[in-house]
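Contents: one structure, followed by commentary.
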Amino acid sequence: MIKKTRVLNYSIFLSLLVVFISCSASQITVNEAKLKKISSIAILPIDRAKGIPLSAAIESEEAFKSCFIQSGISIVERKKLAEILKEDELKMMLPKYSDEMASLTGADALLIGQITQYCESISDIEYMGYDKDEMGFDITHKVDEKNNKDIKLEKKKIKDKSHDLNFKILIRLVSVSDGETILVMENSLSTKSFKESEGNVFKTSLDRFKNDILDMMSSDLKKVLTSNRK
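In my numbering, each residue carries its 1-based index in the sequence shown increased by 179.
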């Protein structure tokens, strides 16, 4: 994990330390000073681009929710939020982030997010390569049984189909008291591609790809939250 520090304004450097963290699956920007002060959050429903199923948003919310709970940060239950305000009304208040909101929800910050990509596509491709065996591995040699020799094969033009899986999500943790962003996180690994000829070696479903990304992002988020709770 690599950390880089950028000074936004030298006069406020000591109080507003923003750290950019690049992990295997995530890009995270965090204001460590503000994150240390957070003891409770409310998780709003994650927005979805048109056509993305509700289940993807719910599973994402649950994945991130567990990270905060395990780090010792309490969660304002969705049922309580619904009792306080309708979700549409709550979203309308988001740009203002008043003290009234803090007193109503009992949360120090709000977790909001958006899924912009969750789809699978198949396209025709052509490349220089080798034929595949039943397991999807390249056939680079063949045996000349007559002369008992191992012959190296040359690459040839291959026509195939590419399966592309896409999942992109961004979350933000925003202070209720002043509206400042405390943490921004998005997945840097958003696409997985495999060739049809590769068989089941690299093949996976869109749902499995999403779950793998959420697992990796959760691991990255836990590290950030844990290091800031010490």
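Glycine included, C-beta positions come from ideal geometry on N, C-alpha and C.
Nothing here was measured: the structure is a model prediction, and the numbers come from that model.
Less than 8 Å between the C-beta atoms of residue i and residue j, yes or no?
{"i": "S245", "j": "S397", "result": "yes"}
{"i": "I151", "j": "I222", "result": "Only positions 180 to 409 of the chain appear in this structure, which leaves residue 151 out of reach."}
{"i": "F411", "j": "S372", "result": "In this structure the chain extends from 180 to 409, so residue 411 is not present and cannot be described."}
{"i": "A286", "j": "V355", "result": "yes"}
{"i": "N407", "j": "K215", "result": "yes"}
{"i": "K334", "j": "Y309", "result": "yes"}
{"i": "Q293", "j": "L385", "result": "no"}
{"i": "I225", "j": "S239", "result": "yes"}
{"i": "S234", "j": "M364", "result": "no"}
{"i": "E377", "j": "K321", "result": "no"}
{"i": "A422", "j": "L393", "result": "This structure cannot speak to residue 422, because the chain is shown only from 180 to 409."}
{"i": "K340", "j": "S302", "result": "yes"}
{"i": "I231", "j": "D399", "result": "no"}
{"i": "I361", "j": "K213", "result": "yes"}
Run through the DSSP bridge pairs and tell me what residue i is partnered with.
{"i": "S205", "result": "N366"}
{"i": "S376", "result": "In DSSP, S376 forms no bridge with anything."}
{"i": "R227", "result": "I294"}
{"i": "I217", "result": "The partner list for I217 (beta bridge, DSSP) is empty, contrary to what the question assumes."}
{"i": "D317", "result": "K311"}
{"i": "I237", "result": "Paired residue(s): none; I237 is not in a bridge."}
Quick check on the DSSP output: the beta strand (DSSP E) that includes residue i runs from which residue to which?
{"i": "E299", "result": "A288 to G308"}
{"i": "I254", "result": "S253 to V255"}
{"i": "K328", "result": "K328 to K331"}
Helix, strand or coil: how does DSSP classify residue i here?
{"i": "T360", "result": "strand"}
{"i": "V322", "result": "strand"}
{"i": "D399", "result": "helix"}
{"i": "K311", "result": "strand"}
{"i": "N210", "result": "strand"}
{"i": "I392", "result": "helix"}
{"i": "K371", "result": "strand"}
{"i": "S245", "result": "helix"}
{"i": "T405", "result": "helix"}
{"i": "V198", "result": "strand"}
Need the endpoints of the alpha helix (DSSP H) that residue i sits in, please.
{"i": "L349", "result": "Note, L349: premise wrong, no alpha helix (DSSP H); beta strand (DSSP E) at K335 to S354."}
State the CB to CB distance for the pair residue i and residue j, rounded to an integer number of angstroms; the pair is presumed to be in contact (CB under 8 Å).
{"i": "A288", "j": "V198", "result": "A288 to V198, Cβ: 17 Å. No contact."}
{"i": "K336", "j": "E305", "result": "6 Å"}
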